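A.B. asks: First the structure, then my questions, so here it is.
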Amino acid sequence: MQVFYLNMKIKLAIIFSLLGSVSAFSQPNPESQNNPAKNNDFKDKQFEGSIRFIQENLDDTLYYTYYIKDYMVRLDVQENCKDYEKTDNYLLFDLNNGTITAIKPSQKMFINVPPKPYIDSKDQNYQIIKTNNNKKIQGYKCYQWRVKNKYQNTEISYWVAQDNFNFFEDFLRLWNRSEKHALYFLQIPDATGFFPMLSEERTILREQKMTLRVTEVVKKDLNQTIFVIPKEYKSYEH
């Protein structure tokens, strides 16, 4: 979770302008290969509901909402925190079929985003520490997990909660961002079902770089229709 999106505003502006080549719609991890890698090990009580979060860095503050139901994830993008019900653009992720679709409601258009399948990093320089430090965030007891790579001059501290958030690792692999918030989390063993309610990226000298902060978690049954492209929307590819 930068989603884990460094410079996400720029990337989404490219996606949702519906201009340019399809290859401009993602900046994949350079270690990607052509064969898809999926983890369909979902538990019976997969989390269903919404998760709102904020991305903060020195230059900007951005607002997002996840909607999760079964194998579907919808990521809404909001320009401000006051109008979460009105999304400027959103992305649909089908974790079962490995597809990504970008939707632009104002133009009633959509475009399929070719995913770049994820493969495990070969970097052996990650140091992972699961601590017993804990604190309450959004009603969850969260434990601190730290991932450090001194050769990348980066340490990310994740405060994680367990509530059958089984979608999250599959989502990160499908979205396959090259940003450190995503890549570092995927280095953590036995993380299935956990979700970072707060993640803080710093340099080894503790200089703050990026914070991702969950502001609301709502467990509820979601209507399947919010994961379906409206019939009147047209494909940009036609």
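FYI, this note's numbering numbers position 83 of the sequence shown as 88, with every residue one higher than the one before it.
Ideal placement from N, C-alpha and C gives every residue a C-beta, glycine not left out.
Here the structure is a predicted model, which is why all the values come from computation and not from measurement.
(1) Here's the rule: buried if 16 or more other CB atoms are within 10 angstroms of the residue's CB, otherwise exposed. What is Thr159?
(2) Using three-state DSSP, classify Gln149 as helix, strand or coil.
(3) By alpha-carbon positions, which one of Glu53, Asn138, Tyr71, Glu84 ends up nearest to Val219?
(4) On a Cα-Cα basis, can you pick out the residue from Leu210, Ser126, Lys141, Ile209 that is closest to Tyr189?
(5) Quick check on this structure: which residue in Tyr238, Glu221, Val152, Ile108 has the alpha carbon closest to the alpha carbon of Arg79?
(6) Assuming Arg178 is part of the alpha helix (DSSP H), what are its boundary residues?
(7) Among Phe170, Arg182, Glu184, which has the Cα closest to the Cα of Asp195?
(8) Give the DSSP-derived three-state secondary structure of Gln129 in the structure shown.
(9) With C-beta atoms as the reference, is Tyr131 less than 8 Å away from Val152?
(10) Are Ile56 and Val233 closer than 8 Å when you measure CB to CB?
(11) Among the candidates Pro235, Thr66, Arg207, whose CA atom is the shortest distance from the CA of Glu84?
(12) Whose C-alpha, out of Leu63, Tyr68, Asp99, Asp93, is nearest the C-alpha of Gln229?
(13) According to DSSP, is Ile231 part of a helix, a strand, or is it coil?
(14) Can you tell me whether DSSP reads Glu36 as helix, strand or coil?
(15) Measuring alpha carbon to alpha carbon, tell me which of Arg182, Tyr148, Asp128 ends up nearest Thr136.
(16) Grab me the residues of Arg207's own chain with a C-beta within less than 7 Å of its C-beta, minus the 5 sequence neighbours each way, in chain order.
(17) Starting from Phe199, follow the beta strand (DSSP E) in both directions and report where the run begins and ends.
(18) Only counting the same chain, and skipping five residues up and downstream in sequence, which positions put a Cβ closer than 8 Å to that of Gln51?
(19) For a test of the three-state rule: what should DSSP assign to Lys155, helix, strand or coil?
(20) In its own chain, which residues sit with a C-beta less than 6 Å from the C-beta of Glu205, not counting the 5 before and 5 after it?
(21) Helix, strand or coil: which one does DSSP assign to Leu188?
(22) Use the C-beta contact count for Arg182: other C-beta atoms within 10 angstroms, 16 or more gives buried, fewer gives exposed.
(23) Cβ of Leu203 within 8 Å of Cβ of Ala187?
(24) What whole-angstrom Cβ distance do Ile105 and Glu242 have, given they're in contact under 8 Å?
C.D. replies: According to the structure data:
(1) Along the sequence shown, read from residue 1 onward, the residue named residue 159 stands at position 154. Per the 10 Å Cβ criterion, buried.
(2) Looking up residue 149 in the sequence shown gives position 144. Reduced to three states, the DSSP call for Gln149 is strand.
(3) Position 214 of the sequence shown holds residue 219. Of Glu53, Asn138, Tyr71, Glu84, the smallest CA-CA separation from Val219 is found for Tyr71.
(4) For the purposes of this step, residue 189 is taken as residue 184 along the sequence shown, with counting starting at 1. The option with the nearest alpha carbon to Tyr189 is Ser126.
(5) Within the sequence shown, the letter at position 74 stands for residue 79. Looking at the Cα atoms, Ile108 is the closest of the given residues.
(6) By one-based count along the sequence shown, residue 178 stands at place 173. Run containing Arg178: 172 to 180, per the alpha helix (DSSP H) assignment.
(7) Indexing the sequence shown from 1 puts residue 195 at position 190. Cα-wise, what sits closest to Asp195 is Phe170.
(8) Working through the sequence shown from its first residue, we reach residue 129 at position 124. DSSP, read as helix, strand or coil, puts Gln129 in coil.
(9) As a working note, residue 131 is residue 126 in the sequence shown. As a working note, residue 152 is residue 147 in the sequence shown. Taking C-beta atoms as the reference points, Tyr131 and Val152 count as a pair closer than 8 Å.
(10) Numbered from its first residue, the sequence shown carries residue 56 at position 51. Numbered from its first residue, the sequence shown carries residue 233 at position 228. When the beta-carbon positions are compared, Ile56 and Val233 stay at least 8 Å from each other.
(11) Locating residue 84 in the sequence shown gives position 79, counting from the first residue. Among Pro235, Thr66, Arg207, the Cα nearest to that of Glu84 is on Thr66.
(12) By one-based count along the sequence shown, residue 229 stands at place 224. Between Gln229 and the set Leu63, Tyr68, Asp99, Asp93, the nearest pair of CA atoms involves Asp99.
(13) The residue labelled residue 231 in the question sits at position 226 within the sequence shown. Helix.
(14) Indexing the sequence shown from 1 puts residue 36 at position 31. With a pLDDT of only 47 at Glu36, under 50, the local geometry of the prediction cannot be trusted, and the value read off the model is given with reservation. Annotated three-state conformation of Glu36 is coil, per DSSP.
(15) Numbered from its first residue, the sequence shown carries residue 136 at position 131. Distances from the alpha-carbon of Thr136 to those of Arg182, Tyr148, Asp128 put Tyr148 closest.
(16) The sequence position of residue 207 within the sequence shown is 202, counting from 1. Same-chain partners within the cutoff: Glu160, Gln213, Lys214.
(17) Counting from one through the sequence shown, the residue named residue 199 turns up at place 194. Taken as a continuous stretch (DSSP letters only), the beta strand (DSSP E) holding Phe199 covers 198 to 207.
(18) Counting from 1 along the sequence shown, the entry for residue 51 is found at position 46. Cβ neighbours of Gln51 beyond the five flanking positions: Ile73, Asp75, Asn169, Asn171, Phe172.
(19) In the sequence shown, the residue the question calls residue 155 occupies position 150. The three-state reading of DSSP puts Lys155 in helix, counting H, G and I together.
(20) Residue 205 sits at position 200 when you count from the first residue of the sequence shown. By the criterion of a C-beta distance shorter than 6 Å, Glu205 is surrounded in its chain by Ser162, Thr216, once the five residues flanking it on both sides are discounted.
(21) What you label residue 188 is simply residue 183 of the sequence shown in a count that begins at 1. In the three-state DSSP reduction, Leu188 falls in the helix class (H, G or I).
(22) As a working mapping, residue 182 is identified with position 177 in the sequence shown. That one is buried.
(23) The sequence position of residue 203 within the sequence shown is 198, counting from 1. The sequence position of residue 187 within the sequence shown is 182, counting from 1. Their beta carbons are not under 8 Å apart, which means Leu203 does not touch Ala187 by this criterion.
(24) Reading the sequence shown from its first residue, position 100 is the one you call residue 105. Reading the sequence shown from its first residue, position 237 is the one you call residue 242. Rounded to whole angstroms, the Cβ separation of Ile105 and Glu242 is 14 Å, and the two are not in contact under 8 Å.
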